[in-house]
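As structure tokens, the structure follows; a few thoughts come after it.
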Amino acid sequence: MTRLETAEAVKIAEELGLPVALAELNIFRVLLRNPPVAKATADLLLSLLFRSSLDHRLRELVIMRLGWATAASYEWTQHWRIALDQFGCSEEDLLALRDWENAGHFGEAERAVLAATDETLATGTLAPGTWDRCLAHVGDEVACMELVASIATWRWISQFTRSLEIPLEEGVVPWPPDGRTPDSPGT
Numbered sequence: 001m002t003r004l005e006t007a008e009a010v011k012i013a014e015e016l017g018l019p020v021a022l023a024e025l026n027i028f029r030v031l032l033r034n035p036p037v038a039k040a041t042a043d044l045l046l047s048l049l050f051r052s053s054l055d056h057r058l059r060e061l062v063i064m065r066l067g068w069a070t071a072a073s074y075e076w077t078q079h080w081r082i083a084l085d086q087f088g089c090s091e092e093d094l095l096a097l098r099d100w101e102n103a104g105h106f107g108e109a110e111r112a113v114l115a116a117t118d119e120t121l122a123t124g125t126l127a128p129g130t131w132d133r134c135l136a137h138v139g140d141e142v143a144c145m146e147l148v149a150s151i152a153t154w155r156w157i158s159q160f161t162r163s164l165e166i167p168l169e170e171g172v173v174p175w176p177p178d179g180r181t182p183d184s185p186g187t
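Reading the sequence shown from the start, the letters are residues 1 to 187 in my numbering.
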């Protein structure tokens, strides 16, 4: 899909009161072709990223698991640095998401949110037992609601970026750190 030129995207973002940094991303250079949708998307993403009671590290694990499980290179690649630099994930954590059920270093909270992510991908919903497990290990009902919202939101981002074939930013190498993809041999 055609992207706006960066200068035009920045102008629209400024008119909407959105951070200029968003307008420089290819996903928003597409979204800003429809300003109301871009604004709504940015507001939701920024709320879930920075104003959520869900533990930020857990949310990033969810996003990265979604990126891997849905083969969304844009999502995996964009959040690789964010997860490492801003939200306390280790490279070991992120690489383990490829096969998290067999990774021995995740605790109960991590395993609960990852199970919720995979279950939602498979069935479109959470079973009551999965919800209860998240409540026990993640926090209160609000944090668990934000977990479900995060799963749904970044699943949508995955579908959006893949369906519209939104390219990575110039000079960005896909599938850090090793270029291994979900469909690579041995995956």
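We put the CB at the ideal spot given by N, CA and C, even for glycine.
- Put simply, of Ala136, Arg51, Ala13 the residue whose alpha carbon is nearest the alpha carbon of Leu31 is Ala13.
- Using a Cβ-Cβ distance cut-off of 8 Å, the segment 88 to 98 and the segment 32 to 42 are not in contact, since fewer than three pairs of beta carbons, one from each stretch, lie closer than that value.
- Taking 8 Å as the cut-off, the beta carbon of Leu54 is found closer than this to the beta carbon of Ser150.
- In this model, Asp118 and Cys144 are separated by some 15 Å (Cα to Cα).
- A residue is called buried when at least 16 other Cβ atoms come within 10 angstroms of its Cβ; Met1 does not meet this threshold and is exposed.
- Pairing His79 with Glu108 gives a Cβ-Cβ distance that is not under 8 Å.
- Leu114: member of the alpha helix (DSSP H) spanning 108 to 123, first to last residue.
- Burial check for Phe50: the Cβ neighbour count within 10 Å stays below 16, so the residue is exposed.
- Beta-carbon to beta-carbon, Trp100 and Arg65 are separated by about 7 Å, close enough to satisfy the 8 Å threshold.
- For the pair Glu5 and Arg29, the Cα-to-Cα distance works out to about 7 Å.
- Using a 10 angstroms sphere on the CB of Thr123, the tally of other CB atoms stays under 16, which defines it as exposed.
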